[in-house]
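Participant: Going by this note's numbering, the first residue of the sequence shown is number 13, and it counts up by one from there. The beta carbon of each residue, even a glycine, is placed where N, CA and C say it ideally should be. These numbers were taken from a predicted model, which means no experiment stands behind them. Please see the structure below; I have some questions.
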Amino acid sequence: MILYDDIVPVQIVPQSSDQGEFYDEDYDGFYEYDDIASITTSLSTSATDYKFENGRRYHGYKEGQWPVPNDEKQQNQMDLVHQVYTLRLGGKLYLAPIDECPQKILDVGTGTGIWAMEMGDLHPSAVVIGNDLSPIQPRWVPPNVKFEIDDFNEPWVQTPSSYDFVHAREIHGAVSDWRQFCSEAFRILKPGGWIEVAESAAELRSDDGTLPKDCALNTWLNNVSEGFERIGHTVVVGPNIEGWLREAGFEEIAVKVFKLPVGLWPKNKVERDIGAFNLLNMIEYVEGASLQIYTRVLKVLQTPAAPT
């Protein structure tokens with residue numbers, strides 16, 4: 013795991029306890045310059061050694077783990093998703109009934125870090141940590157916000173029972189084992205802590221049934237979903253997440269289903285605004301989600317070799 017700090021980049025080497033488990037000593041030393049300096053190494057070259065393919069830029073750390081670009085175009089799309097969810101939640105960043113003054117919050121798969129930064133402003137009492145495979149987050153952030161380069165499909169190194177809130181949004185397609193993911197989140201949360209998972213369906217529907225299931229967009233979504241499944245990542249989360257969380261030990265589970273309109277068709281202004289941003293989101297997402305899946309996994313866009 014690599015901490016992407018706004019003062020100096022460091023690499024954190026997990027330490028083993030007597031039980032053989034990893035622990036992070038609560039990240040307490042991350043915010044004192046002397047402590048950081050004592051463990052500082054140069055940021056791993058694999059993290060910033062980006063890969064370029066089909067005119068797009070991809071992460072270098074754990075290359076191939078996430079087949080979606082991390083360039084500026086894709087970052088704009090990530091921020092559009094954040095806007096869609098903020099509108100959908102009525103301006104809120106989350107729905108979980110966390111304490112008014114949480115101490116530690118983890119944003120898993122933080123992307124551009126926009127949610128983590130807004131959360132840091134909203135809860136100055138908390139240390140907000142966002143992790144991702146790509147160091148694309150800003151360096152100038154609220155003083156209580158930090159970013160890590162980390163692969164959440166590996167065992168988590170956070171201290172058990174130390175976090176108040178774990179947040180995950182739109183990471184379907186990046187998780188290889190949701191049962192393990194939920195178990196790791198349960199392990200690091202304090203008793204009474206909360207996890208919030210927000211995922212959209214990989215299918216477009218219409219209230220009046222005028223959008224056929226085999227329309228071009230749904231065909232594309234099915235193809236992309238199949239590609240993600242082939243590389244070992246689960247795309248369909250909504251129908252299963254309650255069971256996975258319950259298996260991990262979570263209680264008081266609430267599942268809320270919301271519509272995310274696409275386009276300007278809703279008459280209601282709020283729904284129309286969501287639809288407008290979500291349409292832009294879809295337009296920006298299509299290419300990034302398709303290129304590696306279609307060319308590397310499904311291999312439907314490769315030019316046939318010339319006859320010899």
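1) With a threshold of 16 other CB atoms inside 10 Å of the CB of residue 218, please say whether the residue is buried or exposed.
2) Go to residue 291, then tell me how far its beta strand (DSSP E) extends in each direction, as first and last residue.
3) So residue 180 and residue 209 are in contact, right, with Cβ under 8 Å, and what is the actual spacing, rounded?
4) Going by beta carbon distance, what residues of the same chain come within less than 6 Å of residue 36, once the five residues before and after it are set aside?
5) Under DSSP, the alpha helix (DSSP H) around residue 128 begins and ends at which residues?
6) If you pair each beta-carbon of the region 116–124 with each one of the region 233–240, do three or more pairs fall below 8 Å?
7) From the DSSP output, read off the bridge partner residues of residue 206.
8) To which residues does DSSP link residue 118 through a beta bridge?
9) Once you ignore the five residues that flank residue 28 on each side, which residues in its own chain have a CB closer than 6 Å to its CB?
10) Using only the alpha-carbon positions, how far apart do residue 94 and residue 100 sit?
11) Name the DSSP beta bridge partners of residue 63, please?
12) When the Cα atoms are used, what is the spatial distance from residue 302 to residue 68?
13) Can residue 77 and residue 145 be called in contact, C-beta distance under 8 Å?
14) Using DSSP with H/G/I as helix, E/B as strand and the rest coil, what is residue 105?
15) If you draw a straight line from the alpha carbon of residue 260 to that of residue 231, how long is it in whole angstroms?
16) Would DSSP call residue 229 helix, strand or coil?
17) Roughly how many angstroms separate the alpha carbons of residue 159 and residue 143, rounded to a whole number?
18) Excluding five sequence neighbours on each side, which residues of the same chain lie with their C-beta closer than 7 Å to the C-beta of residue 183?
19) Below 8 Å on the Cβ atoms is my contact criterion, and I expect residue 129 with residue 147 to pass it. Report the Cβ-Cβ distance as a whole number of Å.
20) Where does residue 201 fall in DSSP's three states?
21) Does the beta-carbon distance from residue 241 to residue 249 come in below 8 Å?
22) How would you call residue 222, buried or exposed, if buried means at least 16 neighbouring beta carbons within 10 angstroms?
23) Identify every run of the alpha helix (DSSP H) within the region 209–263, keeping only runs that are complete inside it and at least 4 residues long; order them along the chain.
24) With distance defined between alpha-carbon atoms, name the residue in 309, 275, 139 and 105 nearest to residue 115.
25) Give me, in chain order, the residues of the same chain whose beta-carbon lies closer than 7 Å to that of residue 12; leave out the 5 immediate sequence neighbours on both sides.
Facilitator: This is what the structure holds:
1) On the sequence shown, position 206 is the one that residue 218 refers to. It is exposed - the Cβ of residue 218 has fewer than 16 other Cβ atoms within 10 Å.
2) Indexing the sequence shown from 1 puts residue 291 at position 279. First-last for residue 291: 281–304, but that is the alpha helix (DSSP H), not the beta strand (DSSP E).
3) Translated into the one-based positions of the sequence shown, residue 180 becomes position 168. Translated into the one-based positions of the sequence shown, residue 209 becomes position 197. Correct: roughly 5 Å between the Cβ atoms.
4) The sequence position of residue 36 within the sequence shown is 24, counting from 1. A caution first: residue 36 carries a pLDDT of 46, below 50, which makes its placement in the model unreliable, though a value can still be read off. Only 169, 170 and 171 meet the Cβ criterion.
5) What you label residue 128 is simply residue 116 of the sequence shown in a count that begins at 1. Residues 126–134.
6) no
7) For this step, residue 206 is matched to residue 194 along the sequence shown. Bridge partners of residue 206: 177.
8) The residue you call residue 118 lines up with position 106 of the sequence shown. In DSSP, residue 118 forms a bridge with 141 and 178.
9) Along the sequence shown, one-based indexing puts residue 28 at 16. Here residue 28 scores only 39 on pLDDT, less than 50, and its place in the model should not be relied on; the value that follows carries that caveat. Closer than 6 Å at Cβ, skipping near neighbours: no residue.
10) Working through the sequence shown from its first residue, we reach residue 94 at position 82. Working through the sequence shown from its first residue, we reach residue 100 at position 88. Spanning the two alpha carbons is a distance of roughly 10 Å.
11) For the purposes of this step, residue 63 is taken as residue 51 along the sequence shown, with counting starting at 1. Here residue 63 is bridged, per DSSP, to 70.
12) Here residue 302 refers to the residue found at position 290 when the sequence shown is read from its first residue. Here residue 68 refers to the residue found at position 56 when the sequence shown is read from its first residue. Approximately 12 Å between the Cα atoms of the pair.
13) Residue mapping note: residue 77 aligns to position 65 of the sequence shown, counting from 1. Residue mapping note: residue 145 aligns to position 133 of the sequence shown, counting from 1. Against a cut-off of 8 Å, the Cβ pair of residue 145 and residue 77 comes out as a contact.
14) For the purposes of this step, residue 105 is identified with residue 93 of the sequence shown, where counting begins at 1. Coil, per DSSP.
15) Counted from its first residue, the sequence shown places residue 260 at position 248. Counted from its first residue, the sequence shown places residue 231 at position 219. Roughly 34 Å between the two C-alpha positions.
16) In the sequence shown, residue 229 corresponds to position 217, counting from 1. Looking at residue 229 - three-state DSSP - the assignment turns out to be helix.
17) By 1-based counting over the sequence shown, the position of residue 159 is 147. By 1-based counting over the sequence shown, the position of residue 143 is 131. Taken atom to atom, the span from the alpha-carbon of residue 159 to that of residue 143 is near 6 Å.
18) In the sequence shown, the residue the question calls residue 183 occupies position 171. Same-chain partners within the cutoff: 120 and 121.
19) Against the sequence shown, residue 129 aligns to sequence position 117. Against the sequence shown, residue 147 aligns to sequence position 135. Their Cβ separation, rounded to whole angstroms, is 15 Å, which puts residue 129 and residue 147 out of contact at 8 Å.
20) For the purposes of this step, residue 201 is identified with residue 189 of the sequence shown, where counting begins at 1. Residue state, collapsed to three classes: strand.
21) By 1-based counting over the sequence shown, the position of residue 241 is 229. By 1-based counting over the sequence shown, the position of residue 249 is 237. No, Cβ-Cβ distance for residue 241 and residue 249 is not below 8 Å.
22) Counted from its first residue, the sequence shown places residue 222 at position 210. Looking at its Cβ environment, which holds fewer than 16 other Cβ atoms inside 10 Å, residue 222 is exposed.
23) You should have 228–242 and 253–260.
24) Position 103 of the sequence shown holds residue 115. Checked all of 309, 275, 139 and 105; the closest Cα to residue 115 is 139.
25) This structure gives no information on residue 12, because the portion of the chain shown stretches from 13 to 320.
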